[in-house]
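Its first residue numbered 5, the sequence shown is counted upward by one per residue in the numbering used here.
Input: a single structure, listed below in structure tokens.
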Amino acid sequence: MPTGRSGEPIASSAPGVRDEVNPPYIYRGSVEEHLDAILASARTGTARLSVAILAGAGGMGKTSTARAWMESVADEFDQLVFVSASHRQSSEIAKEIALTLRLADASDDRGELEFVGLIGRALRKRRLLVVIDDLMARSELLEDLVKFGPSASLVVVTSRAGEQVAWPVEVEIIDVPPMTDHEVRQILVSQAVIPSEVHDAGMVDRLVALIGGSPFVASMVATLLLQVSASDLVQRLEREVDMGTSGRYIAGSILQQAYGSIDRKDQTALRRLSVADRPFDTYVVSVVCELTIEDAKEVLARLADSALVGRSDEQYSIHRLVGEFCLPLLEGDGIGEVLERTSLFEAALMRRDVHPKWLADSPADSDELNREALAALVASRLRDFSQMDAGSSFLIHVDGRWGSGKSTLLSLIEQELPDDFEVIRFDAWKNSSISPPWWGLLTTLRTTLVLDRAMLSRPILRVKEVLARARRGSSPYLLTSALLTIGIVGALLLFGSALFNLSGTESTLKSVGGVAAAIAAIWSGTVLFARFVFWDSARGAQRLENSHSNPMEEVSAHFDWLLSQFRNRPVVFIDDLDRCDEKFTVALLDSIQTLVKDGPANGRLHAAPYFIVAGDGAWIRTAYETVYEKFAGAIGESGRPLGYLFLAKLFQLTVQVPSLGSGVARDFLDRLLEVAPGSQHSPSNSDPEESRVRDRVMSSGSEKEVVNVLSRTSAVVRSRVAPIAIKKLADPDLARLTEHNLQKFSTLLEPTPRSVKSFVNFYSMLRATRTLEGVAIDGDTLAVWTVILMRWPSLAHALAEHPEFAAGLAHADASAVAGRLPDELRPLVESLEVQALLKFRGGLLTEDAIRACSGAPSDADPTQTFKQGDDATGSAHDGT
């Protein structure tokens, strides 16, 4: 039975039960005695830093030996450090040692020599035991550490190279020998249920000879004997030996059989964990493998029982040979998978111990979610429209749920707009208690205009405003002006003589009284005049509505005059509309439509204003349906209820706020937790895959080529190159090709000029949104979905929730959707137009396609990569 340093048995398992430490540690007396001797000579602290190398073939127990000895001498040191050097640069190793010693934090960007300096000084001041596991090549790190002079600390390195490496300093090389046949036999007998006939046939002896003294291979074989026939396993391994296979490949053959014995879910998790070069816990597995905590626990338990993952208390590890076996399989899962899983592993390890600061919930002014590209696209569309049709207004709806980032997107659009646009911000919620709603908007326009002028110019602007209204012949205000003038002149005539006659006390009192009366009359007249002329209160605006024969014509004309005073084209941002009640919401949008967008009856004085309204579409639709409830039955259509009709009439373009794709969400959380400083979508010269994908996107000659490139990369890389892809898709030459391809869908649209114009804009924005969400879907499929969104938006929402409805609707099969399709959509079951769309080119809108088009993750494809149509080549990564 395996024994520990003291000779006591290490916790061995009952038949069929795995040890907690996997593979089991076999006491290496000669190795530990040699380490003890090195430790004794280092105690004085007068000699140079001692470095010991544990050398041996893979699977011989070097790491287990180093860990066991480190635990046995823990009381001798101030602190223990264990780091993995597998496939890592010296700079990475140095930083991790510094982090473990708490000499630096995760965001520290110092160079390798600076970290080495921190570590070297710590090795001299304190007594430290540093174990560097699996150092394969010559490393200057050891040489640099030794230069810091005498030390009572000790560095232990495990390496498969041993004397084959020209170590830069004097080291003690200790060979870790294979287990004896007796020790191997003990593992097999103690950990596996071996039938008695196996002993009789000498099967254990044949297995011992094949295992070659490796604790790891012995543990794997013991586990396999619980699942497969011993004779079959021996015959397979002996065939490998007869073919001249080395011991390393014997281990590979055993791993292949062990890997094939677990289910696909566990295989996927094991492949993804092959990047783990340090111990990890359940939380890390849940992040790296994209599992819930409970699922991660179950997967880890099964992998540990299969000896493919080591387990000690709450920590797990993957043996280096298992990692080397699974890593090529992970690379086969898709381009960029190794990069993505490594990034997840590193971030999860750092997140686990981070205590984040409290964060404000206010809108951000900087781009943290890759939305700057979408903002630039919106700004570009407004600029193009301004050049094509300067006299028309344009209304854009930024649609998204509460907290989705609508306000931040508005800020990004403002930053992207050129200098010849003037942004006016209107907070609908702050003005929601004011009636009428148009008065708050007019006041915001005037305030913005006044604050934009020099101090001396502001009174002049006020005078110009009064004269402009007077020229329009507003009789109540002219009458008020006349009465005020008469009052002032009368007061001067009545009290003027008294004002200048100062002889005697009585005359003085009369003069003072006259002056006071004159001032009071002038003040009262001024207040009355201001209320009517300047509308300096909501009550004044209400008086206007009650006293004027056609008040909205007057208001519309005055809006137009105010807008004409801006030096640049005004763009009004309306935010927080989805926090207002239904009456204010409808009244404000109606005011924008009638008073500002349509303009005064006698024509505009200036370039038409643009409006960008941020609000939850469901909230705004419900507001209209509530206010106009009596008309819902008469006006609403199947697939497009009353609320949708109002929004379609009001807005020329809807921009959906992108949801967080997995790559973007992960990077955003890392930055919030301060474990990944810097912009996640900035170019990364250190990632060749990302650079390669960027180059391929920029060299693409069509939308189809861009989508093909994105569909063949990982979610992390796709999220980082998404801004470049959107910029490329907006290239004029490429955009013209896309518009040409969309012409074939004209017969599927409503036969109105507005529908045809809106289709291209809607499609381009939807493509940008889905690209930011990590969805790469072919153009024809997305175009069909766009048509459904425009013509029957409530049907699109129903299909997004129940993609399986598509098949029933395509073939007019009412039974397929019976009892599940909303009543107002049932007439569409017989619609020939709906059937034509769903059958277009053989039926592009499959269930997975609908999930991709609507931004929902596909069950079949967690990376949300989807292609269909003539250019379909399948998903680059099936996620299994």
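From the three backbone atoms N, C-alpha and C, an ideal C-beta is built for every residue, glycine too.
- The criterion of a C-beta distance shorter than 8 angstroms is not satisfied by Arg240 and Ser265.
- CA-CA distance, Ala165 to Ile57, rounds to 10 angstroms.
- Per DSSP, the continuous beta strand (DSSP E) segment holding Ser54 begins and ends at 54-59.
- Rounded to whole angstroms, the gap between the alpha carbons of Leu741 and Ser706 is 7 angstroms.
- Within the same chain, and ignoring the five residues on either side of Ala352 in sequence, the residues whose Cβ sits closer than 7 angstroms to its Cβ are Tyr287, Val288, Val291, Val292.
- Taking 8 angstroms as the cut-off, the Cβ atoms of Gln660 and Gly404 count as close.
- With contacts defined as CB atoms closer than 8 angstroms, Ile101 and Val134 qualify as a contacting pair.
- Judged by their CB atoms, Leu593 and Ser560 are not nearer to each other than the 8 angstroms cut-off.
- In this structure, Leu146 sits away from Val160, with a CB-CB distance that is not shorter than 8 angstroms.
- Ile266 sits in coil when the DSSP states are folded into three classes, being neither helix nor strand.
- Sequence-distant partners of Ile639 (beyond 5 residues in either direction) whose C-beta falls short of 7 angstroms from its own C-beta, in its chain, are Leu646, Leu649.
- Here the segment 104-116 does not lie against the segment 56-70, with fewer than 3 beta-carbon pairs under 8 angstroms apart.
- The closest CA to that of Ala810, considering only Gly846, Leu776, Met794, is found on Gly846.
- Under the 8 angstroms Cβ criterion, the segment 770-779 does not count as touching the segment 794-813, having fewer than three qualifying pairs.
- For Ala618, the enclosing beta strand (DSSP E) starts and ends at 614-618.
- Here Ser155 carries a coil assignment [DSSP, helix/strand/coil].
- Spanning the alpha carbons of Arg644 and Phe655 requires a straight line of approximately 15 angstroms.
- One Cα belongs to Phe284, the other to Asp737, and the distance between them is close to 50 angstroms.
- Here the C-alpha atom of Glu341 lies approximately 27 angstroms from the C-alpha atom of Leu770.
- Bounds of the beta strand (DSSP E) holding His401 are 398-403.
- Rounded to whole angstroms, the Cβ separation of Arg722 and Leu714 is 5 angstroms, and the two are in contact under 8 angstroms.
- For Tyr320, the beta-bridge partners assigned by DSSP are Phe284, Arg315.
- Within 10 angstroms of the beta-carbon of Trp73 lie 16 or more other beta-carbons, which makes it buried.
- In this structure, the beta-carbon distance from Ser595 to Trp442 falls below 8 angstroms.
- In the three-state scheme derived from DSSP, where H, G and I count as helix and E and B as strand, Asp138 is classed as coil.
- By the neighbour-count criterion, in which 16 or more other beta carbons inside 10 Å mark a residue as buried, Trp171 falls on the buried side.
- No Cβ-Cβ contact shorter than 8 angstroms links Trp406 with Ala472.
- Residue state for Ser163 is assigned as strand, using DSSP reduced to three classes.
- Proximity of the segment 377-389 to the segment 306-315 falls short of the contact definition, fewer than three beta-carbon pairs being nearer than 8 angstroms.
- In this structure Val711 is in contact with Ala780, their Cβ atoms being roughly 5 angstroms apart against a cut-off of 8 angstroms.
- Note on geometry: alpha-carbon atoms of Ser437 and Asp579 lie some 15 angstroms from one another.
- Contact annotation, Asp148 with Val175: C-beta distance approximately 14 angstroms; criterion of less than 8 angstroms not satisfied.
- Within the segment 700-774, no run of beta strand (DSSP E) reaches 3 residues while sitting entirely inside it.
- Where Leu84 is concerned, the enclosing beta strand (DSSP E) starts and stops at 83-88.
- Under DSSP, Val279 takes part in no beta bridge, so it has no partner.
- Between Val575 and Ile616 a beta carbon distance of about 7 angstroms is seen, short of the 8 angstroms cut, so the two are scored as contacting.
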